[in-house]
Structure formats: C-alpha cells, structure tokens
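Below: the structure, in structure tokens.
Residue numbers (the numbering used here): 116 to 500.
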C-alpha cells in the first residue's frame, strides 16, 4: 500500500505543477491571510470535479498504508494522512504562484481536502471490524483486483457522480430512448463492459453471485444513472444487460475470461487506430505523460480517462488469468499500447503519446498490490481456522 500511496502522491504533484514553467518571482503585495480567505471560484465544474477526485486515492491508500504499519493507531493514521494531505493541497496551490500558466486558489485546496476526507473515510470504513460485523459474511466482498475493476466500472458508468431527486431530470434522462437507433459498435462496447463487470463481481465474493443478484445489481445501477445530471440513459445499456447476463450464465469462468480478454484486446486496438486512415504527414510522438489530459477539455478528458482506466485495467486482469501473473500481463499490455501509440504516428486524427502505456503500467501495479493483499488475507484466514 505504501508504494501505491507514493505513486498517487507523485501523480498529484505532477498534475498540480504541470507544465513546470516556473518563474521564481515573489508576487507583489502578497498576503497569506487574504489568499487563504479568498474562496472565489476561478475554475469550471469539471476542474472542481477533477480536484475532488484527485485526492480521494491519496486519502484511501494513505490511511490503509499507515494503519498497515501501526495497527493500533487507527485514529492517529487518519489524522496523520488528513493533515499531511491538507498541507500538500495548500502547498501545491501556493507553488502555482510561480507558474504563469496556472491560477492558484485556496478554494481549490478546500476541494482537494474534501476529496481527501472522502478517501480517508472510505479507507476507515473498509478497514473497520465493527462495520464488517454488521455485513453478512456471504455479502462481504474481498478486497481484490477484481473488486477494483468493478469500482473502475462503477466510476465510468456513473460519471459525473452527483445525483438529484428531480422528476424532470429523470424524464430528461429517459428522452433519448424515444429516438434510440441501434449501433452495433456501441452495443458491443456496452456488452463487453457489463460482462466484465459481472465476471469480476462474481470473482469478488466467496459465495457464488447468482444471476438474480446480478439482475438486481443492474437495476440499481441503471436506476442511479437516471438520477444523474448530464447523464442520459443509453438504450444500448438496456440491451446489453440481458445479453451480458446470458453470456455470464452460459460460459464457464475460464472460457468467459478468454472471450472477455479477446474483447478487451479488440476494443483497445479499435479505439487506438479507428478510423484506420493513414496520413502522409507523420504526427509527432509526445513523451510528456498526461499532457493531452491536462491541456484539453477537462470534462471530456475525465470521461475518457475513466474509460481507459476500466479498459486497460480489465485487459491486465484478464491477461493475468492466462499469463504467469500480473507482471507479464502488465508488460504485455504496455507493449501492445506502446506499439499502437507508435502506429498512431502515421494515422489521421490521433495524438501519439507515452501516456497510455504508462497508465497500463500504473494499473498493473495497483492490481498486483490488490492481488497480494487478497492472498495475504486468505493466508491469514487459513491460519486462523
């Protein structure tokens, strides 16, 4: 967990200080107190959402890491991570005074701290023995790589996350169904994502997750989507659910994993190279990680980032079922993505960069650590019995 916490911290610093064009000149008439009390919003909703999401993994992995080292000091671990994360949030915002292309705002630091608090609370509840006593053993999922993929899928599926109990909003989200037209590629994508989610959900429980439970889970997720702002219910989702249930209930786990791995491979290739048109003028390859994500439209970029996290994470997990572990599976995914990115140099409408192979590598590390955590828990449980 400490390695994951370190990686998250480095990514936060990288994203907050990009593009590193420092001008070391102290701002004139700068007042610490005035800056700290200035809570005026200077960013868009999408930037605020990114600021909130950025610090959730810091709080989550930080608390788990500290509590893993100091098992008896749980409250101490939460407070340590919360205050250290708060200092980092304000410190990074202060450093942006020396970046002409960034806008330092103490309000952004407060949003960071909100995400930090959510991550700390999530880790505290997930690691609470008292909470586990209230949850039936058969309904308690294992902390595992498969469970992380389910969480990645939920994040992708429920973006932008904020629900509202508004009947007009529900009707607005249902309207696109009236003009629904079937698209084969979109249906195939939703079928793949729902099938991977169902497969990983079943892998996350000690007891078999019945098809009827998967159906209830699907209804709850689709119902939640109806309450989300700027999130229209997709007709392909409604068609994909019964097809995914049929696929999951028909195939055996290993055969299903093979089919889903092939589907993920095909999806990765198609999204990387479509529409397969070559360009006589080659594109330049960018070696700056996450440059396009940090410079573009943040709302769209977050959506695309969540899709890639789910797709690349699923690819690594499924490849690990057929290769000797997560390390070769991660290397295979990174090699494939690097080859596809290099191929984009000669394709129209693509920006070849190093980001996607690095993202697959980071996800491989996360899934490997989650798998180690699961195996340790299984061994502890076996010794206890």
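Don't be surprised by glycine CBs; every beta carbon is placed ideally from N, CA and C.
Could you have a look at residue 289 and say whether DSSP puts it in helix, strand or coil? Working through the chain shown from its first residue, we reach residue 289 at position 174. Reduced to three states, the DSSP call for residue 289 is helix.
If residue 448 sits next to residue 430, beta carbons under 8 Å apart, how far is it from one beta carbon to the other, in whole angstroms? Counting from one through the chain shown, the residue named residue 448 turns up at place 333. Counting from one through the chain shown, the residue named residue 430 turns up at place 315. Confirmed, Cβ separation roughly 5 Å.
Touching or not, the region 414-425 and the region 452-466, by the rule of three or more beta carbon pairs under 8 Å? no
DSSP on residue 323, reduced to helix/strand/coil? Within the chain shown, numbered from 1, the residue matching residue 323 stands at position 208. Coil, per DSSP.
Return yes when the Cβ of residue 169 is within less than 8 Å of the Cβ of residue 201, no when it is not. To locate residue 201, count along the chain shown from 1; it is residue 86. To locate residue 169, count along the chain shown from 1; it is residue 54. The answer is no: Cβ separation not under 8 Å.
Just reading off the alpha helix (DSSP H) that residue 305 is part of, what are its end residues? Your numbering for residue 305 matches position 190 in the chain shown. Run containing residue 305: 299-318, per the alpha helix (DSSP H) assignment.
If you run the structure through DSSP and keep just helix, strand and coil, what is residue 146? Walking along the chain shown from the start, residue 146 turns up at place 31. Residue 146: coil per DSSP, three-state reduction.
Out of 370, 349, 362, 240, state which residue places its alpha-carbon closest to the alpha-carbon of residue 293. Residue numbering aside, residue 293 sits at position 178 when the chain shown is read from its first letter. Considering only alpha carbons, the answer is 349.
Measuring alpha carbon to alpha carbon, tell me which residue in 229, 472, 137, 377 is nearest residue 164. Taking the first residue of the chain shown as position 1, residue 164 is located at position 49. It is 229 whose Cα lies nearest to the Cα of residue 164.
If we call anything under 8 Å between Cβ atoms a contact, is residue 121 one with residue 207? As a working mapping, residue 121 is identified with position 6 in the chain shown. As a working mapping, residue 207 is identified with position 92 in the chain shown. Result no, Cβ atoms of residue 121 and residue 207 do not sit closer than 8 Å.
DSSP puts residue 278 in a beta bridge; with which residues? Here residue 278 refers to the residue found at position 163 when the chain shown is read from its first residue. Answer by DSSP bridge pairing, in chain order: 343.
Determine contact between the region 430-446 and the region 478-486, defined as no fewer than three beta-carbon pairs at a distance below 8 Å. yes
Does the Cβ of residue 171 have 16 or more other Cβ atoms within 10 Å, making it buried, or fewer, making it exposed? Mapped onto the chain shown, residue 171 falls at position 56. Per the 10 Å Cβ criterion, buried.
Close-in-space but distant-in-sequence residues of the same chain around residue 343 (CB under 6 Å, 5 per side omitted): Translated into positions along the chain shown, residue 343 becomes position 228. Result list for residue 343: 278, in chain order.
Find out if the Cβ-Cβ distance for the pair residue 462, residue 369 is shorter than 8 Å. Here residue 462 refers to the residue found at position 347 when the chain shown is read from its first residue. Here residue 369 refers to the residue found at position 254 when the chain shown is read from its first residue. The answer is no: Cβ separation not under 8 Å.
Of the residues 223, 286, 174, 261, which one's Cα is nearest the Cα of residue 236? Translated into the one-based positions of the chain shown, residue 236 becomes position 121. Checked all of 223, 286, 174, 261; the closest Cα to residue 236 is 174.
Is residue 138 closer than 8 Å to residue 215 when the C-beta atoms are compared? Position 100 of the chain shown, counting from 1, holds the residue named residue 215. Position 23 of the chain shown, counting from 1, holds the residue named residue 138. Cβ distance < 8 Å, so residue 215 and residue 138 count as in contact.
Buried or exposed, going by whether 16 or more other CB atoms sit within 10 Å of the CB of residue 203? Against the chain shown, residue 203 aligns to sequence position 88. Buried is the call here.
When DSSP labels each residue in this structure, what does residue 401 get in the three-state scheme? Translated into positions along the chain shown, residue 401 becomes position 286. Correct three-state label for residue 401: strand.
Residue range of the unbroken alpha helix (DSSP H) whose run includes residue 350: Walking along the chain shown from the start, residue 350 turns up at place 235. Here the alpha helix (DSSP H) through residue 350 covers 350-365.
Check whether the Cβ atoms of residue 346 and residue 305 lie closer than 8 Å to each other. On the chain shown, position 231 is the one that residue 346 refers to. On the chain shown, position 190 is the one that residue 305 refers to. The answer is no: Cβ separation not under 8 Å.
If you drop the 5 nearest sequence neighbours on each side, which residues of the same chain put their C-beta closer than 8 Å to that of residue 307? For the purposes of this step, residue 307 is taken as residue 192 along the chain shown, with counting starting at 1. Excluding positions up to five away in sequence, the list reads 375, 378, 379, 382.
For residue 393: DSSP bridge partner residues: Here the question's residue 393 lines up with position 278 in the chain shown. DSSP, once it has assigned bridges, lists 462 as partnering residue 393.
Bridge partners of residue 468, per DSSP? Locating residue 468 in the chain shown gives position 353, counting from the first residue. According to DSSP, residue 468 bridges with 401.
For residue 401, collect the residues of the same chain with a Cβ closer than 6 Å to its Cβ; drop the 5 residues on either side in sequence, then sort them by chain order. Residue numbering aside, residue 401 sits at position 286 when the chain shown is read from its first letter. Excluding residues within five positions, the ones whose Cβ falls inside 6 Å are 468.
Does DSSP classify residue 484 as helix, strand or coil? In the chain shown, counting from the first residue as 1, residue 484 sits at position 369. It is helical.
Measure the C-alpha to C-alpha separation of residue 285 and residue 310 and round it to an integer number of angstroms. The residue labelled residue 285 in the question sits at position 170 within the chain shown. The residue labelled residue 310 in the question sits at position 195 within the chain shown. Roughly 26 Å separates the two Cα atoms.
Hey, would you say residue 289 sits closer than 8 Å to residue 326, going by beta carbons? Taking the chain shown and counting its residues from 1, the one referred to as residue 289 is at position 174. Taking the chain shown and counting its residues from 1, the one referred to as residue 326 is at position 211. No, Cβ-Cβ distance for residue 289 and residue 326 is not below 8 Å.
Under the three-state DSSP convention, the category residue 220 falls into: Against the chain shown, residue 220 aligns to sequence position 105. Note: residue 220 maps to coil in three-state DSSP.
With distance defined between alpha-carbon atoms, name the residue in 319, 386, 337 nearest to residue 301. Mapped onto the chain shown, residue 301 falls at position 186. Per the Cα distances, 386.
Thinking C-beta only, is residue 261 closer than 8 Å to residue 315? What you label residue 315 is simply residue 200 of the chain shown in a count that begins at 1. What you label residue 261 is simply residue 146 of the chain shown in a count that begins at 1. Yes, the Cβ-Cβ distance between residue 315 and residue 261 is below 8 Å.
Can you tell me where the alpha helix (DSSP H) with residue 132 in it begins and where it stops? Mapped onto the chain shown, residue 132 falls at position 17. Residue 132 -> alpha helix (DSSP H) spans 117-132.
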